[in-house]
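Novice:
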Amino acid sequence: MTIAVYETSRIKRQRATKAEMEERAEFLIGYASEHGPVTVRGLYYQAEVAALPGISKDDKDYDKVQRQVLKLRREGRLDYSDIADATRWMRKPTSHDSVEEALRATARLYRKNLWLDADDYVEIWAEKDALAGVIYPVTSLYDVPLMVTRGFSSETFAYEAIAARKGDRRTYHVYYLGDFDRAGQDAAKSLHEKLKRFASEEGIKVVFVQVAVTEQLIVDLDLPTREPKRKSAADKKWPHDFACELDAIPPDLLRAIVEACIDRHLPQDKLAVLKAAEESEREIISRLVGGIAP
């Protein structure tokens, strides 16, 4: 019996020096602090764009960033709140210690329905739940629902979205954010088809706009791209020799894109008036609570 003998490869990956690791750390901390909340994958793309030592398009280099971000957070150098992650969450009814505490919470958390008298109804849909934490500061400010599909949207999710609009004659505007690859584009088309089909049954007009990632956006923003997947038969039909993830868009710019979509229907001047009314109503509730609760 012949036993094959393999020599140990003499080619070794060059380890980053302490200086290079610190250069990466300072960039990651500074970028997350200035532009957060940002996903870890978003940080990886920005590190790639900044040409940090040892960071390339290789997914192994993403793992490097992921490990270093975790280390920096545990060391207290990178604030936990600067990293977005909406993939884990908890379901629990809101409860209170007493009636008085519940009244105070109601006054404190009161939000006005900013879209009650609007001509349109608007929702932001995102393919990736991790990016919900990046987008939410904007959608929350404008009182706009943020819908996360986690890839292909289920029939039930699309049906319930339309069912919630039953009786509302306003035009239903959906702005979609997803990856520029075969799966991302197919997911967008699938969602559009489902919403349009259910909406037609209820006589609701749907305007579906995919705002990111588009091929034009990749060109205009010079976004970092990656090799497209070619494993499945469907993937092999992807007509481009590149793909681009939603995380490649800088977080500040992604929030600006979302805000621009909403501004088409609720301009800043109208938002300011509604926010002032909201604050006034919150103060009224606080005074009422003060007169009831000890």
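With positions in the sequence shown counted from 1, the corresponding number in the working numbering is that position plus 12. Positions of the beta carbon are idealized from the N, C-alpha and C atoms, including for glycine.
1. Under 9 Å, do Glu-135 and His-185 count as touching if we go by C-beta distance?
2. Do Ala-138 and Leu-55 count as a contact pair if the criterion is CB distance below 9 Å?
3. Would you mind sorting Val-219 into buried or exposed? The rule is 16 or more other CB atoms within 10 Å of its CB.
4. What are the boundary residues of the beta strand (DSSP E) that Leu-158 is part of?
5. Starting from Tyr-187, follow the beta strand (DSSP E) in both directions and report where the run begins and ends.
6. Taking only three categories from DSSP, how would you classify Lys-287?
7. Among residues of its own chain, excluding the 5 on either side of Ala-28, which ones have a beta-carbon nearer than 7 Å to its beta-carbon?
8. Identify every run of the alpha helix (DSSP H) within the segment 79-151, keeping only runs that are complete inside it and at least 4 residues long; order them along the chain.
9. Do you know offhand how far Asp-198's Cα is from Phe-254's?
10. So, for Lys-249: in the same chain, excluding its five sequence neighbours on each side, which residues have a beta-carbon less than 8 Å away from its beta-carbon?
11. Looking at the unbroken alpha helix (DSSP H) that takes in Phe-4, where does it start and where does it end?
12. Count the other C-beta atoms from every protein chain shown that fall within 10 angstroms of the C-beta of Arg-267, then say buried if there are 16 or more, exposed otherwise.
13. Look up Phe-220 in the DSSP assignment and say whether it is helix, strand or coil.
14. Could you tell me the distance, in whole angstroms, from the CA atom of Asp-132 to the CA atom of Tyr-154?
15. Distance check for Lys-243 and Lys-282, CA to CA, integer angstroms please.
16. For Glu-231, name the three-state secondary structure that DSSP assigns.
17. Got a sec, what are the start and stop residues for the alpha helix (DSSP H) Pro-263 sits in?
18. Whose C-alpha, out of Glu-239, Lys-217 and Lys-206, is nearest the C-alpha of Lys-178?
19. Tell me, please, whether the segment 90-109 touches the segment 44-51 by the rule of three or more beta-carbon pairs shorter than 8 Å.
20. DSSP puts Ala-255 in a beta bridge; with which residues?
21. Which of helix, strand or coil does DSSP assign to Val-77?
22. Taking a contact to mean a Cβ-Cβ separation below 9 Å, would you say Ala-335 touches Arg-85 in this structure?
23. Quick one: what does DSSP say Val-50 is sitting in, helix, strand or coil?
24. In angstroms, rounded to a whole number, what distance separates the CA positions of Ile-174 and Leu-158?
25. Going by other Cβ atoms of all chains shown within 10 Å of its Cβ, with 16 needed for buried, is Ser-68 buried or exposed?
26. Whose C-beta lies closer than 6 Å to the C-beta of Ala-200 among residues of the same chain, with five residues either side of it excluded?
27. Is it buried or exposed, Val-77, if we count other Cβ atoms within 10 angstroms and call 16 or more buried?
28. Give the DSSP-derived three-state secondary structure of Val-17 in the structure shown.
Specialist: In terms of the structure at hand:
1. Within the sequence shown, numbered from 1, the residue matching residue 135 stands at position 123. Within the sequence shown, numbered from 1, the residue matching residue 185 stands at position 173. A contact, by the Cβ cut-off of 9 Å.
2. On the sequence shown, residue 55 is found 43 positions in, with the first residue counted as 1. On the sequence shown, residue 138 is found 126 positions in, with the first residue counted as 1. Cβ distance not < 9 Å, so Leu-55 and Ala-138 don't count as in contact.
3. By 1-based counting over the sequence shown, the position of residue 219 is 207. It is exposed - the Cβ of Val-219 has fewer than 16 other Cβ atoms within 10 Å.
4. Taking the sequence shown and counting its residues from 1, one reaches residue 158 at position 146. It spans 158-160 - the beta strand (DSSP E) in which Leu-158 sits, taken as one unbroken run.
5. Along the sequence shown, read from residue 1 onward, the residue named residue 187 stands at position 175. Taken as a continuous stretch (DSSP letters only), the beta strand (DSSP E) holding Tyr-187 covers 183-189.
6. The residue you call residue 287 lines up with position 275 of the sequence shown. DSSP places Lys-287 in helix when its eight states are reduced to three.
7. Locating residue 28 in the sequence shown gives position 16, counting from the first residue. Sequence-distant partners of Ala-28 (beyond 5 residues in either direction) whose C-beta falls short of 7 Å from its own C-beta, in its chain, are Pro-65 and Gly-66.
8. The qualifying runs are 111-121.
9. Position 186 of the sequence shown holds residue 198. Position 242 of the sequence shown holds residue 254. Put simply, the backbone Cα of Asp-198 is about 16 Å away from that of Phe-254.
10. Locating residue 249 in the sequence shown gives position 237, counting from the first residue. Arg-194, listed in sequence order.
11. Nothing about residue 4 can be reported from this structure: the residues present for the chain run from 13 to 306 only.
12. Residue 267 sits at position 255 when you count from the first residue of the sequence shown. By the neighbour-count rule (16 or more Cβ atoms within 10 Å), Arg-267 is buried.
13. The residue labelled residue 220 in the question sits at position 208 within the sequence shown. Phe-220 carries a strand assignment under DSSP once its states are collapsed to helix, strand and coil.
14. Within the sequence shown, the letter at position 120 stands for residue 132. Within the sequence shown, the letter at position 142 stands for residue 154. A straight-line Cα-Cα distance of about 13 Å links Asp-132 and Tyr-154.
15. In the sequence shown, residue 282 corresponds to position 270, counting from 1. In the sequence shown, residue 243 corresponds to position 231, counting from 1. Going from the Cα of Lys-282 to the Cα of Lys-243 covers about 50 Å.
16. For this step, residue 231 is matched to residue 219 along the sequence shown. Checking the sequence, you will find Val at residue 231 rather than Glu. Val-231: helix per DSSP, three-state reduction.
17. Along the sequence shown, read from residue 1 onward, the residue named residue 263 stands at position 251. Run containing Pro-263: 263-275, per the alpha helix (DSSP H) assignment.
18. Within the sequence shown, the letter at position 166 stands for residue 178. Of the listed residues, the one whose Cα sits closest to Lys-178 is Lys-217.
19. Segments in contact, yes.
20. As a position in the sequence shown, residue 255 is number 243, starting the count at 1. DSSP output for Ala-255 lists Arg-238 as bridge partner(s).
21. Position 65 of the sequence shown, counted from the start, is the residue given in the question as residue 77. If DSSP states are grouped into helix, strand and coil, Val-77 belongs with the helices.
22. Residue 335 cannot be examined here, being either before or after the span of the chain that is shown, 13 to 306.
23. If you number the sequence shown from 1, residue 50 lands on position 38. Secondary structure of Val-50 (DSSP, three-state): strand.
24. Residue 174 sits at position 162 when you count from the first residue of the sequence shown. Residue 158 sits at position 146 when you count from the first residue of the sequence shown. Cα-Cα distance, rounded: 14 Å.
25. Taking the first residue of the sequence shown as position 1, residue 68 is located at position 56. Residue environment analysis places Ser-68 among the exposed positions, since fewer than 16 neighbouring C-beta atoms fall within 10 angstroms of its C-beta.
26. Taking the sequence shown and counting its residues from 1, one reaches residue 200 at position 188. Once the five neighbours on either side are set aside, the close Cβ partners of Ala-200 are Tyr-188, Gly-190 and Gln-222.
27. If you number the sequence shown from 1, residue 77 lands on position 65. A residue is called buried when at least 16 other Cβ atoms come within 10 angstroms of its Cβ; Val-77 meets this threshold and is buried.
28. Residue 17 sits at position 5 when you count from the first residue of the sequence shown. Confidence at Val-17 is low in this model, with a pLDDT of 46, below 50, so the placement of that residue is unreliable and no value is reported for it.
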